[in-house]
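**Q** If you count the sequence shown from 1, position 9 lands on 9 in full-length UniProt numbering, and the numbers rise without skipping.
Idealized CB from N, CA, C, for every residue including glycine.
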Amino acid sequence: MQGILYEEPSFWLFLLITVIMGGWAAWMTGRAIALTWRPFWTLILYLFILGAAVRFIHFALFGGTLLSIHYYAVDTIVLLIIGALGFQYRRARMMTTQYRWLYERTGPFSWREKASATKG
Numbered sequence: 001m002q003g004i005l006y007e008e009p010s011f012w013l014f015l016l017i018t019v020i021m022g023g024w025a026a027w028m029t030g031r032a033i034a035l036t037w038r039p040f041w042t043l044i045l046y047l048f049i050l051g052a053a054v055r056f057i058h059f060a061l062f063g064g065t066l067l068s069i070h071y072y073a074v075d076t077i078v079l080l081i082i083g084a085l086g087f088q089y090r091r092a093r094m095m096t097t098q099y100r101w102l103y104e105r106t107g108p109f110s111w112r113e114k115a116s117a118t119k120g
């Protein structure tokens, strides 16, 4: 996997910087976008910027390649997945708590209309 997903000599650096640190920031970004009722596309914009910041951390601390489209894309895809999960988790929670008479939770990332809400 070294050279495909990450360029560092150790997988643990990729895991620490991109998945844990960058993933935490992406999750919190998704949560913040959902809390302010902004559309999903704004999350994508912010995560592209966060992807550049994660790439800079790889460069500044561990001597990674700063201007690499390949590794930027890998980092950003990981951040997009985690950020989208954070967004959907918070949005599902908000919909089922603020509109509890209309929606019920069907899982950590989804909700559905209550049966009593459709009867009229």
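Throw me the rounded Cβ distance for the Y103 and T96 pair, which I believe falls under 8 Å.
**A** Contact flag correct, Cβ pair sits at about 5 Å.
**Q** I believe W12 touches G86 by the beta-carbon criterion, under 8 Å. Please report the beta-carbon distance rounded to the nearest angstrom.
**A** Rounded, the Cβ-Cβ distance is 23 Å, inconsistent with contact.
**Q** In chain order, what are the residue ranges of uninterrupted beta strand (DSSP E) at least 3 long that sit wholly in the UniProt domain "DUF6867" (10-114)?
**A** Listed in chain order, the complete beta strand (DSSP E) runs (minimum 3 residues) inside the UniProt domain "DUF6867" (10-114) are 103-107, 110-113.
**Q** Drop a sphere of 10 angstroms on the beta-carbon of G23, count the other beta-carbons inside from all chains shown, and report buried for 16 or more, exposed for fewer.
**A** Counting Cβ neighbours within 10 Å, G23 comes out buried, since at least 16 surround it.
**Q** Verify whether the separation of the beta carbon atoms of G30 and G107 is less than 8 Å.
**A** Cβ distance not < 8 Å, so G30 and G107 don't count as in contact.
**Q** Can you list, in chain order, the residues of its chain with a C-beta nearer than 7 Å to that of V19? Leave out the 5 residues immediately preceding and following it.
**A** Result list for V19: V78, in chain order.
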